[in-house]
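Engineer:
In this note's numbering, the protein residues as written are 71 to 195.
1. Taking the C-alpha atoms as reference points, what is the distance between residue 93 and residue 139?
2. Tell me whether residue 90 sits in a helix, a strand or coil according to DSSP, three-state version.
3. With DSSP run on the structure shown, which of helix, strand or coil describes residue 173?
4. Identify whether residue 100 lies in helix, strand or coil by the three-state DSSP scheme.
5. Taking the beta strand (DSSP E) that residue 131 belongs to, which residues open and close that run?
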């Protein structure tokens with residue numbers, strides 16, 4: 071299940087803080103800050119979707135993510151590759167490297183990352 075844009079923005083704040091009370095989350099927003107009721111509604115929807123949960127501490131709730139940022143992002147990217155690039159990672163890589171104006175140094179860093187992954191999957195005997 072996916073997050074809406076507003077839920078994803080709130081999730082980014084929660085991932086950054088790891089655990090937070092609602093007032094901390096509202097304060098972390100840039101201006102204009104959303105109403106507390108808006109954040110409460112988003113948190114409830116995200117809880118229903120099993121993205122967040124909370125621990126009751128006195129009269130307050132301390133929220134924490136149930137989904138790791140990397141897992142969410144990975145699923146997002148895989149969906150992007152499937153839906154927009156005919157399930158072809160090479161088409162995605164081609165688009166990414168051509169359309170993002172990467173410098174030669176950045177491309178070399180990407181190549182080193184790819185070479186490292188290749189070695190992990192096919193170590194020399």
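The beta-carbon is built from N, C-alpha and C at its ideal position, and this holds for glycine as well. Only a predicted model underlies this, so the values are computations on that prediction, with no experimental measurement involved.
Structural biologist: Based on what the coordinates show:
1. Going from the Cα of residue 93 to the Cα of residue 139 covers about 22 angstroms.
2. Taken through DSSP and simplified to helix, strand or coil, residue 90 comes out as strand.
3. When secondary structure is reduced to three states using DSSP, residue 173 falls in the coil class, being assigned neither helix nor strand.
4. In this structure, residue 100 counts as coil in the three-state DSSP scheme.
5. Start and end: 130–135.
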